[in-house]
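Residue numbers (the UniProt record's numbering), protein chains in the order written: chain A, 1 to 419; chain B, 1 to 419; chain C, 1 to 419; chain D, 1 to 419. A quick write-up on the structure given underneath.
There are 4 protein chains.
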Amino acid sequence: MTTITTATTGVRLTAAVDVPESFVAEYVDVYKHLHAHPELSAQEFETATYIESRLAGLGIETFRCGTTGVVGVLKNGAGPVVGFRADTDGLPIAEQTGLDYSSEATGTLPDGGTAPVMHGCGHDTHITAALALASLLTERRDLWQGTLVLIFQPGEETAYGARAMVDDGLWDRAPKPEVVLAQHVMPVGHGKLIVRDGHMTSLADSWKITVHGQQAHGSQPEKSIDPIVAAAAMVMRLQTIVSRELAPTTPAVVTVGTFHAGLKENIIPGSAEFTVNVRTPDEGTRATVLAAIKRIVSAEAAASAAPEPSIEELNNFPRCFNDPAATRRVVDAFTADFGAAALTDAPLGMGSEDAGWLSDAIGVPGVFWAFGAFDPELFEDGAAPAGNHSPFFAPDARAAVVGGTGAALSGVLAFLGRN
Amino acid sequence: MTTITTATTGVRLTAAVDVPESFVAEYVDVYKHLHAHPELSAQEFETATYIESRLAGLGIETFRCGTTGVVGVLKNGAGPVVGFRADTDGLPIAEQTGLDYSSEATGTLPDGGTAPVMHGCGHDTHITAALALASLLTERRDLWQGTLVLIFQPGEETAYGARAMVDDGLWDRAPKPEVVLAQHVMPVGHGKLIVRDGHMTSLADSWKITVHGQQAHGSQPEKSIDPIVAAAAMVMRLQTIVSRELAPTTPAVVTVGTFHAGLKENIIPGSAEFTVNVRTPDEGTRATVLAAIKRIVSAEAAASAAPEPSIEELNNFPRCFNDPAATRRVVDAFTADFGAAALTDAPLGMGSEDAGWLSDAIGVPGVFWAFGAFDPELFEDGAAPAGNHSPFFAPDARAAVVGGTGAALSGVLAFLGRN
Amino acid sequence: MTTITTATTGVRLTAAVDVPESFVAEYVDVYKHLHAHPELSAQEFETATYIESRLAGLGIETFRCGTTGVVGVLKNGAGPVVGFRADTDGLPIAEQTGLDYSSEATGTLPDGGTAPVMHGCGHDTHITAALALASLLTERRDLWQGTLVLIFQPGEETAYGARAMVDDGLWDRAPKPEVVLAQHVMPVGHGKLIVRDGHMTSLADSWKITVHGQQAHGSQPEKSIDPIVAAAAMVMRLQTIVSRELAPTTPAVVTVGTFHAGLKENIIPGSAEFTVNVRTPDEGTRATVLAAIKRIVSAEAAASAAPEPSIEELNNFPRCFNDPAATRRVVDAFTADFGAAALTDAPLGMGSEDAGWLSDAIGVPGVFWAFGAFDPELFEDGAAPAGNHSPFFAPDARAAVVGGTGAALSGVLAFLGRN
Amino acid sequence: MTTITTATTGVRLTAAVDVPESFVAEYVDVYKHLHAHPELSAQEFETATYIESRLAGLGIETFRCGTTGVVGVLKNGAGPVVGFRADTDGLPIAEQTGLDYSSEATGTLPDGGTAPVMHGCGHDTHITAALALASLLTERRDLWQGTLVLIFQPGEETAYGARAMVDDGLWDRAPKPEVVLAQHVMPVGHGKLIVRDGHMTSLADSWKITVHGQQAHGSQPEKSIDPIVAAAAMVMRLQTIVSRELAPTTPAVVTVGTFHAGLKENIIPGSAEFTVNVRTPDEGTRATVLAAIKRIVSAEAAASAAPEPSIEELNNFPRCFNDPAATRRVVDAFTADFGAAALTDAPLGMGSEDAGWLSDAIGVPGVFWAFGAFDPELFEDGAAPAGNHSPFFAPDARAAVVGGTGAALSGVLAFLGRN
């Protein structure tokens, strides 16, 4: 992989702002440290401490919010208040990038088991960019005025963090913003940006289904109600929601992400558990799909003469809706800073995101955008690097720092810029 | 539940042998102790120590064999050598009998996890009967002559114990027998016995199948090869082996006992694992079924464009074949001791058993029988108590001691009896 | 294929009765004629006319019963009355035996379509043997006394013929018998006979299931309820009745024999129809399986949000129970006529048969046996010829005549024989 | 249902052209006649004769092309040549609209069976509008100049008609056009039009899959290879192409439209046939989906130990690509004639269309648009009338005439108009 380089002595973050090479190098190190030390959702204790330490080094006051969330407030005279959010959690994935700063971390799963952990969704780039932004804005007070609320949010992957921070008094304890911004790294080329108004990500719902069967010796199926067969039939039938119940033009996903049943090969277990993750483009489709899941799960249990299965909501991602007027300001800033060609309308896929709640909860606009951090050569001839949540997901470290910090700076200055 | 009682002052074990009530009470206590302290296959350390201690108390010399197996040798002058085997392991089942001597034990699974343990197959009755037999024959040397090799075998449930003891030199270290006997408690009434020549139990094979997919974010199925869907399709298709590929009159079972895949609901995992447990009546059917499993698993992976799945043999149970001539001697003894009506031809179902290897390995005859230990009232009007491997499996303690010891005594004296 | 030959000038039918070669040749011709002219159930008009013509040629009076059934009554003085039944219908199978007397016949299906027809179950051998028996007993009145009621029954394959004849007054119009006999050709060697008391064949039930969906253009699944997907899911789930809901030792079959839906590839049809054929060994299992089918079909429709499917009974085969005392007389006769070695306990499989109703309807005993008509060489080394209902089913013509007539004669004389 | 009415004495077809009420009434009668007399694809003989008769009545010369296709050529001095296509075939659907001009027609299916026929896709409106257009342009020669080639094309539903006419020398026998136009009625409101450049409809492919099993008696599954179970497994697995192998944002459909197997419930048939209809947005997705179908069908046969299934292409619909420049002219004409509000971007769904071949075959531009012919009230509150291919599909007769003729006139004059 070719790493991103710039020919100038200074490194250009935006049209108006260069930073010295040493600045980039410092945050590449920050990035590699974070990448090597990921933590699972709700367990971001070391990460929070690290962020607090870095912000303290910049002289920025912080407070904890939502247990492992960190909020830092930068004030620079009168002016608007803007929130900028970076999410901080990793994923239970065994990293296979082969990078020399690969993660070897492990974490504890909800069921008590142990799992490898990886920043497989790139939240490490988000933290890094937010820290670099904080550093830059601390130093370059000439560029802006007003108040920036930096929100280091835990638990995005499990859709609990934004709610947890709001519920823990985020907007009572920090100045109330007029807009909340957030960004995400995506597998597009370095320098590319994706932003549009309306829904940026899918609604997402996750459910745990417990199929109740009847345990018996493996040799006596007639004394059992086999929950593995019932759950397998459910998995097969759930495929028909997307294939038969939705219009082909309706983008939706029904994924069974986990399936666990049984302790011993010669015992038909008493129950089986699986989880379903659903992505839908709007509330109407969401209602249709969730009703179909309930209907199928219930009917397949009946087909097995099994009791009604238990359904438990694990999480649901709210909408991530880009306010048109606020988005226009961001688009204008991006265009001015990076050129119109930087903005791509590459599809965002079916990802989900709880950042929208930070603004929706208090009825102010939100804007969410994506930035690229991959060598453009990787995309030649229709190829593409491994995407988010892949064990091979590997943004270029330098591109992540330069691209992430540049986009953050441009977006924030769209609201707080002096002039 | 009515407990089994006898009207005599002494308790009748066989037509010829009574024991005092205190003898029964002692072994009921032994049984309850064992029931409350089950251990998983290959972990029967406490059980082995307990057995050694009891045998030492009777003055019987023992040696360890197969790590957690215990062998005790009783000699009583010249005469034949007979092996008598009791298996000692429990199962990863959470006991739900509500008995006041219920197990609260836990054990470690092969994958490192923790599981509740229960003597859900009744091996505690086998140990108890063997210990009671040892006590009785130690005291009543008038009844017999020759040598009795008591084999307390671990790991029957995982089909490794008989092989492990033979491989650890069982028949080099103990006198070589002319016949090996074994017994099993079954959900039939107290006093009932099941024995016939030929195949007593099914052949059993267990395989672990690993389906190799391709991991991706839950919202991007097109970047994945979904191993849960592939494995679910395999589970459904495996049903057709019994329903479509075997003659209706061929008794066979294909059970998927475990299914595990995925750590997080929004990640399509890279692989799925499930185990298949197969029961077949003979080698021909065994070959047919195992070939069909391989064919189906391979084809369903191909249907998913997934790589060839991995198949690993977990265990296989050999035949448990009752030698006709030796069986005749046991049947005659049972008839003399308990009356012809005690022998029932209730089907043994599709259970499996590795006891046969203890005799097959050295080319001598083996006889395996089953005894009942349940209140006969439980079987009235076509009802039946919970069977082996159920969390509710609960032999009557007293019936287990009386029935198990009586059957053991009668069977052993069929070969060692002093006319 | 080696044809069956006898070294004697006469041909031995039973221990006591030889016939000239010309007799055998005549009925081989009858057999080949019948084989080449099969008719579907309820359409046996030509067959009935042919039978009437042959019986008229023997001077036997006949009457029609059940539209295409023919009854002939032979009287030979005082003595018992015995019924002997031959079934007369063919099957919608395209014969592929390559025999020079192969069927090229076609018939009309219930839905109005046209199908090839074949005597694929061997009923042509039954008719032939009954006609030959009639000829023999007409000529050899010295052998017997009493009354023989020859019942040429239509519609065995669809389980309606026995009921139709009884309902049409069979036993009011013919002398009431003390026993009713019937026989069937099976793929066992020439000279072999199968008879035992108790249930000779399975109970059988056939149902037609209509899945009601909602029609839509093939490109708009979201406007449809796809009945083909629902019915396919039902087919897959029905496999689990045998694989999971019955004990492995319970011989039962659930076959989906037809599946029809849709007229055009780009229209999702409004409904799908399939038929289920069920074989069970006893009334208890029958009830279990039929309830499971109803449960699964109903639940899978619910999983599709489809209305409750329609279930229509197509036919059900009653028991075919061999009365022990009457069977004993047949076994004794067979042993005397063909030797004990001729009686084989080869399994009868899961076939069904409505002959039992002819006796059950009037509360008299029935006996049903099977005879072989294949070259014994076909069975060497574990091989076997194509079985009943195969397009390759091809009894040896001569063996069918000799074996079928001999067995019929022996069985009838067991009750009507003159000392 | 409210019928469409106009307040003027004349009826407005376009901004510039009114027709008398009697003109509309005449073509409403033509429409009802055609609706009541639909014919299946390749059987449009009566329809062709009717069209020829109407055109002859207008003095337009015609020739037959592609057996049941009719071509009429109108010349009006020098000027461009434009093709205008109307498709003429009906569908095997049993009409359930309850209209007093409902179809009671039947037709012969490819397999020889008989089916009800309905103009369930609205081709009757296309024929009617083309005939009305011919009448109007014959009379109003002041409006236009050049040559109009009217193409009444058979067999659109089976994707053979456009190719058949081209192969039969359409463009050798008629003047070669500079653009080919075509239109389709859709379930949108009267007065609405849908047109855009690029792909207007999906690529469509239809395949017939024959699953080869092994026939056996229904009671002997072990002697069969059950093709119904194999095909049902294929149907279930085919659902996963859309649900798991394509991006959620890729609109594609895989429909199994027919499934036929078996003649008799107690015979496991030797084969099963089903048809798959595939809609894809582009050639890349088409290749992916067709490869997946082949892979799944082949693998599921292997899972059943069945031979490789046979796959036969039934038809494939080419692209229907709207040339941007030519489309711009149509959009401008529509806007001028009906107002910008008439143009809706309602999704066209996943329909397919072979009209594109008429222009692609000779490398000239094509434009295809849709017009509405339903009472707008039917769409209030999110409701919608039954769509194309539904047995309830019922365009308003008057709206079909007015809307279809108006759109045709506007579109044709975009190229031939005498401004």
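Yeah, the Cβ is synthetic: ideal placement off N, Cα and C, and Gly gets one too.
If I'm right that D:Gly356 touches D:Arg319 with Cβ under 8 angstroms, what's the distance once you round it to whole angstroms? 5 angstroms
Exposure of C:Asp142, with buried meaning 16 or more beta-carbon neighbours within 10 Å: Exposed, because fewer than 16 other Cβ atoms sit within 10 Å of the Cβ of C:Asp142.
If we ignore side chains and look at the alpha-carbon of each, how far apart do D:Ser304 and D:Lys208 end up? 19 angstroms
Let me see if you follow: with CB-CB separation under 7 angstroms, is B:Pro248 close to chain C or not? yes
Kindly confirm or deny that the region 212–222 of chain C and the region 267–278 of chain C touch, where touching means at least three C-beta pairs closer than 8 angstroms. Contact between the region 212–222 of chain C and the region 267–278 of chain C is present, with at least three C-beta pairs closer than 8 angstroms.
Min CB distance C:Leu263 to chain D below 7 angstroms: yes
Helix, strand or coil for D:Phe393, going by three-state DSSP, please let me know. If DSSP states are grouped into helix, strand and coil, D:Phe393 belongs with coil.
Any C-beta of chain C within less than 9 angstroms: which residues of the region 227–259 of chain B qualify? Met236, Arg237, Leu238, Gln239, Thr240, Ile241, Val242, Ser243, Arg244, Ala247, Pro248, Thr249, Thr250, Pro251, Ala252, Val253, Val254 and Thr255
So, at 6 angstroms on beta carbons, what are the nonlocal neighbours of B:Ala7 in its own chain, with the 5 sequence-adjacent residues on each side left out? Residue confidence is low: B:Ala7 scores 45 on pLDDT, short of 50, so the model does not pin down where it sits. Its coordinate-derived value is still stated next. If we look at B:Ala7 and ignore the five residues flanking it on each side, it has no Cβ neighbours.
Complete alpha helix (DSSP H) runs within the UniProt domain "Peptidase M20 dimerisation" (206–302) of chain B (minimum length 4 residues, chain order): Given a length threshold of 4 residues, each whole run of the alpha helix (DSSP H) inside the UniProt domain "Peptidase M20 dimerisation" (206–302) of chain B is given here in chain order: 227–240.
Short CB-CB distance (under 7 angstroms) between D:Ala216 and chain B: no
What does a CB cutoff of less than 7 angstroms around D:Tyr101 pick up in its chain, not counting 5 residues either side in sequence? Lys32, His35 and Ala36
According to DSSP, simplified to helix, strand and coil, what is B:Thr6? Per-residue confidence for B:Thr6 stands at a pLDDT of 47, beneath the threshold of 50, marking its modelled position as unreliable; the derived number appears in the next sentence. Residue state for B:Thr6 is assigned as coil, using DSSP reduced to three classes.
Pull the bridge partners of D:Glu312 from the DSSP assignment, please. D:Lys208
In this structure, does DSSP put A:Lys32 in helix, strand or coil? Under the three-state reduction of DSSP, A:Lys32 is assigned to helix.
Going by Cα to Cα distance, which pick from D:Glu178, D:Glu39 and D:Ala162 is closest to D:Gly120? The shortest C-alpha separation from D:Gly120 is found at D:Glu39.
Across the region 394–408 of chain A and the region 225–232 of chain B, are there enough close Cβ pairs to call them in contact, namely three or more that are closer than 8 angstroms? no
Determine which residues of the region 172–193 of chain A have a Cβ less than 8 angstroms from any Cβ of chain B, and write them out in chain order. none
Stretch pair the region 380–394 of chain B + the region 83–94 of chain B: three plus CB contacts closer than 8 angstroms: yes
For C:Arg279, return the contacting residues in chain B, with the cut-off set at a CB-CB distance below 9 angstroms. Simply Pro248.
By a C-beta neighbour count over all protein chains shown, 10 Å radius and 16 as the cutoff for buried, is C:Leu409 buried or exposed? buried
Please report the residue range of the alpha helix (DSSP H) in which A:Gly57 lies. First-last of the alpha helix (DSSP H) with A:Gly57: Phe45 to Gly57.
So, are the CB atoms of D:Gly146 and D:Pro187 less than 7 angstroms apart? Contact check for D:Gly146 against D:Pro187 fails: the beta carbons are separated by 7 angstroms or more.
Alpha carbons only, please: which of A:Ser103, A:Val149, A:Leu238 and A:Thr62 is nearest the one belonging to A:Ser359? Closest by alpha carbon: A:Val149.
Grab the span of the beta strand (DSSP E) containing D:Leu133 for me, first residue to last. Careful: D:Leu133 lies outside any beta strand (DSSP E), inside the alpha helix (DSSP H) at His123 to Glu139.
Count the other C-beta atoms from every protein chain shown that fall within 10 angstroms of the C-beta of D:Leu181, then say buried if there are 16 or more, exposed otherwise. buried
Might you give, ordered along the chain, the residues of its own chain that have their beta carbon closer than 7 angstroms to the beta carbon of C:Ser202, omitting 5 neighbours on each side? Arg279, Thr280, Pro281, Met350, Gly351 and Ser352
Out of curiosity, what's the CA-to-CA distance linking A:Met200 and A:Ser206? 19 angstroms
By Cβ distance below 6 angstroms, which residues in the same chain neighbour C:Arg54 in space, the five residues on each side in sequence not counted? In its chain, beyond the 5 residues on either side, Leu131 have a beta carbon closer than 6 angstroms to the beta carbon of C:Arg54.
Taking 7 angstroms as the CB-CB cut-off, is A:Pro92 touching chain B? yes
If we cut at 7 angstroms on Cβ distances, does A:Ile293 have a partner in chain C? no
Give me the DSSP bridge partner(s) of A:Arg12. A:Asp18
Determine which residues share a DSSP beta bridge with C:Asn322 and list them. When beta bridges are read from the DSSP output, C:Asn322 appears opposite C:Gly198.
For A:His389, would you say it is in contact with chain B, using Cβ-to-Cβ distances shorter than 7 angstroms as the test? yes
Taking D:Glu222 and B:Glu245 to be in contact with their CB atoms under 8 angstroms, please state how far apart those CB atoms are, rounded to whole angstroms. 6 angstroms
Check whether the Cβ atoms of B:Asp87 and B:Glu156 sit closer than 7 angstroms, and answer yes or no. yes
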